[in-house]
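Chemist:
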Amino acid sequence: MSLALLPPRRQAPPTPPGPSRRFPRALPWLLAAGVLAQAAVRLWFSWARTAPAANPDETGYLLAARLLAGGPGGDLSGNTFYQGGYPLLLTPAFWFSHDPATVYTTVMAINAVLGAALFPLGYAAARRFGLARRHALPLAFAAALLPATTFFGAFALADAVLPTLVLAWLLALDRFVRNGRAGDAALASLAASCAAAVHTRGTVLLAVHAAALLVMALTGRRRIRAALAGAAVALAGYAAGAALNAHVRAELYPRGTRDLGEILASRLTTVPGQEWALSGAAGQLWYLIVSTWGLAGAGLVAVAAVLARRRTPAADRIMAGVLLAATCGIAYASSAALPDEHRVGNFAYGRYLACVALVYALAGAAALARLAAGPAIRLAAAGALLLEGAALWVTAYAGERLRTHVFIGFDFPEVTFLTADRSGLHLHEATVAALALLGGLLVLSRLDRTALASVALAGVNLAALTFAMGPHARRVPAEPPLPGPATGRVVTDASLNWAVRVALLYPVWWTRISAFDVRAGRPPAPGVCTVVVPLPDGTPPEASWPAHPAGWRPHAGRFWSIGWVGWHDPSCSGAGQ
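When you line the sequence shown up against numbering that gives the first Met the number 0, it's residues 0 to 576, in that order.
(1) What is the residue span of the alpha helix (DSSP H) that Cys354 lies within?
(2) With a 10 Å radius around its C-beta and 16 neighbouring C-beta atoms as the bar for buried, classify His547 as buried or exposed.
(3) Could you tell me the alpha carbon to alpha carbon distance between Glu274 and Val343, rounded to whole angstroms?
(4) Can you tell which of Val176, Val197, Pro137, Phe154 has the C-alpha that lies nearest to the C-alpha of Leu584?
(5) Kindly indicate which three-state DSSP category Phe515 falls into: helix, strand or coil?
(6) What separation, rounded to the nearest whole angstrom, lies between the Cα atoms of Asp98 and Val305?
(7) Check whether the Cβ atoms of Tyr122 and Leu30 lie closer than 8 Å to each other.
(8) On a Cα-Cα basis, can you pick out the residue from Ala181, Ile288, Leu424, Leu227 that is closest to Leu352?
(9) How is the beta strand (DSSP E) around His554 delimited, first residue to last?
(10) State the beta-bridge partners of Asp492 as determined by DSSP.
(11) Pull up the distance between the alpha-carbon of His567 and that of Thr486, whole angstroms please.
(12) Count the other CB atoms, across all protein chains shown, that sit within 10 Å of the CB of Pro535; report buried if there are 16 or more and exposed otherwise.
(13) Alpha carbon to alpha carbon, how far is Gly320 from Arg174? Give it in angstroms, no decimals.
(14) Can you tell me whether DSSP reads Thr529 as helix, strand or coil?
(15) If you drop the 5 nearest sequence neighbours on each side, which residues of the same chain put their C-beta closer than 6 Å to that of Ala280?
(16) If you count every other CB in all the chains shown that lies within 10 Å of the CB of Gly260, and 16 or more means buried, which is it?
(17) Taking DSSP as the reference, what is the three-state secondary structure of Gly298?
(18) Strictly by DSSP, which residues pair up with Gly562?
(19) Among Arg180, Gly179, Trp168, which one has its Cα closest to the Cα of Ala190?
(20) Residues in its own chain within less than 7 Å of Gly565 by CB, not counting five upstream and five downstream?
(21) For Ala50, I'd like the list of residues in its chain whose CB is within less than 8 Å of its CB, leaving aside the five on either flank, ordered along the chain.
(22) Using a Cβ-Cβ cutoff of less than 8 Å, which residues in the same chain neighbour Arg316 once the five nearest sequence positions on both sides are dropped?
(23) Which value, in whole angstroms, describes the spacing of the CA atoms of Arg222 and Val232?
(24) Determine the direct distance from the alpha carbon of Arg126 to that of Leu5, and round the result to whole angstroms.
(25) Taking just the CA atoms, how far does Arg257 sit from His341?
(26) Using C-beta distances below 7 Å, list every residue in its chain close to Ala276, excluding the 5 sequence neighbours before and after it, in chain order.
(27) Taking 8 Å as the cut-off, decide whether the C-beta atoms of Ala452 and Leu464 are in contact.
(28) Please classify Ala435 as buried or exposed, where buried requires at least 16 neighbouring CB atoms within 10 angstroms.
(29) Taking only the alpha-carbon atoms, compute the straight-line gap between Arg8 and Arg445 and give it to the nearest angstrom.
(30) With C-beta atoms as the reference, is Ala297 less than 8 Å away from Ala379?
(31) Take Ala239 as the anchor and find which of Cys193, Leu156, Trp28, Ile407 has the nearest alpha-carbon.
(32) So the alpha helix (DSSP H) Gly240 belongs to, where does it begin and stop?
(33) Can you tell me which of the three DSSP states His567 falls into?
(34) With a threshold of 6 Å on Cβ separation, who are the neighbours of Val517 within its own chain once the five nearest residues in sequence on each side are excluded?
(35) Leaving aside the five residues before and after Phe150 along the sequence, list all residues of the same chain whose C-beta is less than 7 Å from its C-beta, in chain order.
(36) My parser needs the alpha helix (DSSP H) runs of 4 or more residues fully inside the stretch 255-303; what are they?
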C-alpha cells in the first residue's frame, strides 16, 4: 500500500533539529488527543437521536446484540440477515441498562470510539503513502471525518465498524507483504475474518485476503509458513464467525431469511443481469469519488498506475491489486445481489464502498501533495475523467428512472450537501461540485500548505455532516410505544404491517413479541398484556378489534403513514414476563 514510485515534489527546506526531535515525543499525545476529538465529534452528531431510524437494519443489529447479551430476541423471518459480528461489539450496551434510549446512546458511544480509531490508522496509512509526519497527521484527522466514514456511525449499522476493520486489514496485510512475518499475516487474517463476520462485504475481503496469502506463499519458501499461519487464523476466525451467525440466524430468523441467491444467479447468468450489475458497480464508483470530494478519483488512478507500471516492486503491485480487487468485488457483488426496489439508490449508491473511501481519499491526497505540479494536475484530470465516465454510464443506463424512482435522502448524504437539495438526485450537478472541491484542494496542496488543505477538508466534511444530520440543539426523549408498564407478554396480529412489527421489536425490551390472530375470535393467552392490531384508515381505534376482552383499552399510534392500535389490559401492573 505504497505510492513510493510516484515522483516526489520539490524538496522542502530541512526542518530545524529542535522541532524535529520534539515531534516524535509529542506524537503519542497528539494521536490520543485526536482520537478523543474524533470520538467527541461523532458523539455530537449522534447525540440527538435516541431510537433507531434506519429500519429494519438498525433493529436487526440491536436485536441480535440484545440476544447475545442474554436478553429476549424476536422474529425477523423474511428479512435480510443481519450478521452477528457487529452486534457482538454492542453487547456491553445492554449490560448496564434496559432502557432502550439509554442503550441506544451507549451504542452511539461505542460507534464513536470505533470510528475514532480511523484517525491513528489513517495516520499510519498516510505515512505508508510517503507523507511526512507533519503532513500525515492533519490530513489523517481531516480525512477521518469524511461523511462516508462518519455519517453511518450515527446509526446502529455495521458500516460504523467496517471502515476501521478494512483499514486495519490493509495495514496489517501490507506489513506482511513487505516483511513476511507470521504475526502480521495472523493479524491481517484476524481483521479479514472479523469483517466477514460483520457483513457479506467482509466475505469479499476474506476471499481477496486468501488469494493474497496464496500469492505470498508462492513467492518463496520462507514465506510459506507465515502464509500458512495466516491461513489458519483466517480459517479459525471464519469458523467462529460462522458459528456466531448460525446462532443468531436460528434465534431471530426461525422461518428463514430473505433469499438473495436467486437474484444473484439471474444477474450473473443473463445479459440484462450483467448490465444491471455493471452499471450499479459504476454508480458505486461514482458515489465513492463524489463522497470524497474527488480525492478518491485521484486515489483510484494512482493505485491503478502502481499496479500497471512495469517498474513497480512486487509488494506494491500485490497491495494495489488487493485494494482494487476488494473494491471492484464489493461493488460488483453487492450490485448483482441488489433487488430492484424502484429506488434511485439502485443505480448510484455509496454505502457499500464507504468502507474503502478513507484509504482512497488518503491515497489521492498523498499523491497530489507529493507530485510536481504537472503530474498532479494530470492525476486530478484523470480522476475527473473517471468520475465523469461513471456519471455518463449511470445516466445512460438508468435514464428517466433517476427521476421517477423513489429518492431517499438517507442514501445520499454527501450528494444532497453538494447540491443543497434533499428531494432528488442531481447527478451531474454533484459531479461538478465535487470536481470544484477537488480543484480547490489541489490548489492548496500546490502552495506547500498541506495543513491548510487539511483544514479546508475538515471544514467541508463538518459542513456536510451538519447538513446531512440536521440541527442537534435539542435531545428529544423517546416515548414508550405501547401503553401501560413494561410488563407482560406482547403479541401482534398476523395482518399487522411488517414495518410496525419491526419497529416495535427494539423498544419492547422486556419480552419477545409473538404472533396472534385476532380473526380467530379467541382471547389472548394467559400472561398477554398487550395486543397490537392494524388500524385501517377511517376506522376508530375502539373498532379496530371488535372481539377484544372486556376492560381492555386501545392506544392508537402511527408509524410513517401506517396506523395501528395497542390494546392493553389495565390489570397487568405486575404480570410476569
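For each residue, glycine too, the CB sits at the ideal point set by N, CA and C.
Modeler: Taking the coordinates as given:
(1) No alpha helix (DSSP H) holds Cys354; DSSP gives it neither H nor E.
(2) Buried, since its Cβ has 16 or more Cβ neighbours within 10 Å.
(3) Going from the Cα of Glu274 to the Cα of Val343 covers about 16 Å.
(4) It is not possible to answer for residue 584, since the shown part of the chain is limited to 0 through 576.
(5) Strand at Phe515.
(6) Each residue's Cα considered, the two are about 52 Å apart.
(7) Their beta carbons are under 8 Å apart, which means Tyr122 touches Leu30 by this criterion.
(8) Out of Ala181, Ile288, Leu424, Leu227, Ile288 has the C-alpha closest to the C-alpha of Leu352.
(9) Residues 552-558.
(10) BP columns for Asp492 point to Phe515.
(11) C-alpha separation (whole angstroms): 11 Å.
(12) Burial call: exposed.
(13) A straight line joining the alpha-carbon of Arg174 with that of Gly320 spans about 15 Å.
(14) In the structure shown, Thr529 sits in a strand (DSSP, three-state: E or B).
(15) Counting only Cβ-Cβ distances below 6 Å, and skipping sequence neighbours, we find Ala330, Tyr331, Ser334.
(16) When all chains shown are included, Gly260 counts as exposed.
(17) It is helical.
(18) BP columns for Gly562 point to Arg557.
(19) Measuring from the Cα of Ala190, the nearest candidate turns out to be Trp168.
(20) So the list reads Leu481, Pro482, Thr529, Val531, His554, Gly556, once near-sequence residues are dropped.
(21) The beta carbon of Ala50 is closer than 8 Å to those of Pro99, Ala100, Tyr103, Ala477, Tyr505, Pro506 in its chain, skipping five residues each way along the sequence.
(22) Contacts found: Val305, Leu306.
(23) Between Arg222 and Val232, the alpha-carbon positions lie close to 15 Å from each other.
(24) For Leu5, the predicted model reports a pLDDT of 46, less than 50, meaning its position is unreliable and no value from the coordinates is stated.
(25) Going from the Cα of His341 to the Cα of Arg257 covers about 18 Å.
(26) Closer than 7 Å at Cβ, skipping near neighbours: Arg266, Tyr331, Ser334, Ala335.
(27) No; because the gap between Cβ atoms is not below 8 Å, this pair is not in contact.
(28) So Ala435 counts as exposed.
(29) In this prediction, Arg8 has a pLDDT of 40, which is less than 50 and means its spatial position is unreliable; nothing more can be read from the coordinates.
(30) In this structure, Ala379 lies closer than 8 Å to Ala297 by Cβ.
(31) Comparing Cα positions, the closest option is Cys193.
(32) Here the alpha helix (DSSP H) through Gly240 covers 223-251.
(33) Three-state result, His567: strand.
(34) Within the same chain, Val517 has close Cβ partners Asp492, Val532, Trp544.
(35) Pro412, Leu464, Ala467, listed in sequence order.
(36) Whole alpha helix (DSSP H) segments, 4+ residues: 260-268, 270-290.
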